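Worksheet: one structure, shown below.
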Amino acid sequence: MSEQEFPGWHGTTIVGVRKGGEVVVAGDGQVSLGNTVIKGSARKVRRISPGGYDVVCGFAGSTADAFALLERLETKLEATPGQLQRACVELAKDWRTDKYLQKLEAMLIVTDGRDLYVITGAGDVLEPEDDIAAIGSGGNYALAAARAMMDSDRDAEAVARRAMEIASGICVFTNGNLTVERIKG
Numbered sequence: 001m002s003e004q005e006f007p008g009w010h011g012t013t014i015v016g017v018r019k020g021g022e023v024v025v026a027g028d029g030q031v032s033l034g035n036t037v038i039k040g041s042a043r044k045v046r047r048i049s050p051g052g053y054d055v056v057c058g059f060a061g062s063t064a065d066a067f068a069l070l071e072r073l074e075t076k077l078e079a080t081p082g083q084l085q086r087a088c089v090e091l092a093k094d095w096r097t098d099k100y101l102q103k104l105e106a107m108l109i110v111t112d113g114r115d116l117y118v119i120t121g122a123g124d125v126l127e128p129e130d131d132i133a134a135i136g137s138g139g140n141y142a143l144a145a146a147r148a149m150m151d152s153d154r155d156a157e158a159v160a161r162r163a164m165e166i167a168s169g170i171c172v173f174t175n176g177n178l179t180v181e182r183i184k185g
């Protein structure tokens, strides 16, 4: 089936903001198929607690692919408790080299409240500049908006919520139905 016949799933904006000793990850709820909104209340930001170690994850891309990656991240965290960076690097290595995982189409933002990373299928584990990470169709809009507010007196949650509001006003694949998770470092 061609792209014109089946235009593919679009949607999602996820932003992570680290400020004032905490990290907030916010994501919208829209899932689109072509020009049609299929669902407006998807939950793309989740808290996982492997071995009692809290981690907040946001994902963009295929939901099934993202869940497969989140399960693998949980396994890596159970094997290396309290070592988020190591678990992320191990996940990225597997994602890059495993023939099954290479086909997965998703990106992740993960944080334990201290560290903040973007993980991609290209083998990247990126620690973002300016304490802001953003992915998805409206990610660049949310990133620009959050950067503009970082030296204001807003806390991390206020920056993330306002950045998402701005992104949803620009990106047609992003809505204002937010899931927000906060975690302290």
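Everything in the sequence shown is counted per the UniProt record's numbering, starting at 1 for the first residue and increasing by one.
For each residue, glycine too, the CB sits at the ideal point set by N, CA and C.
For clarity, every value in this text was computed on a predicted model and none was experimentally measured.
With a threshold of 16 other CB atoms inside 10 Å of the CB of residue i, please say whether the residue is buried or exposed.
i, result
"A66", "buried"
"S100", "The sequence given here has Tyr at residue 100, not Ser. Flag for Y100 reads exposed."
"D28", "buried"
"G121", "buried"
"K184", "exposed"
"N175", "buried"
"A79", "exposed"
"residue 270", "Here the chain comprises residues numbered 1 to 185, so residue 270 is not present and cannot be evaluated."
"E90", "buried"
Can you give the Cα-Cα distance for residue i and residue j, rounded to whole angstroms?
i, j, result
"A158", "L178", "13 Å"
"K19", "M150", "8 Å"
"L73", "P81", "11 Å"
"E22", "K39", "30 Å"
"Y117", "I109", "6 Å"
"G123", "L104", "12 Å"
"A145", "A134", "11 Å"
Going along the chain, which residues of its own chain have a beta-carbon closer than 8 Å to the beta-carbon of residue i, five neighbours each way excluded?
i, result
"R147", "D130, I132"
Looking at the structure shown, is residue i part of a helix, part of a strand, or coil, going by DSSP?
i, result
"C57", "strand"
"L126", "strand"
"K99", "coil"
"M107", "strand"
"K44", "coil"
"L33", "strand"
"V89", "helix"
"V159", "helix"
"M1", "Annotation note: pLDDT 38 at M1 (below 50); position unreliable, coordinate value reported separately. Looking at M1 - three-state DSSP - the assignment turns out to be coil, as it is neither helix nor strand."
"S182", "The sequence shown places Arg at residue 182, rather than the Ser named in the question. Three-state result, R182: strand."
"G27", "strand"
"T13", "strand"
Please work out which residues of its chain come closer than 7 Å, Cβ to Cβ, to residue i, disregarding the five sequence neighbours upstream and downstream, and give them in chain order.
i, result
"A106", "F59, A60, G61, S62, D65, A66, L69"
"G136", "T12, T13, I14, A60"
"D94", "R72, L101"
Once you ignore the five residues that flank residue i on each side, which residues in its own chain have a CB closer than 6 Å to its CB?
i, result
"G138", "T13, A167, C171, T174"
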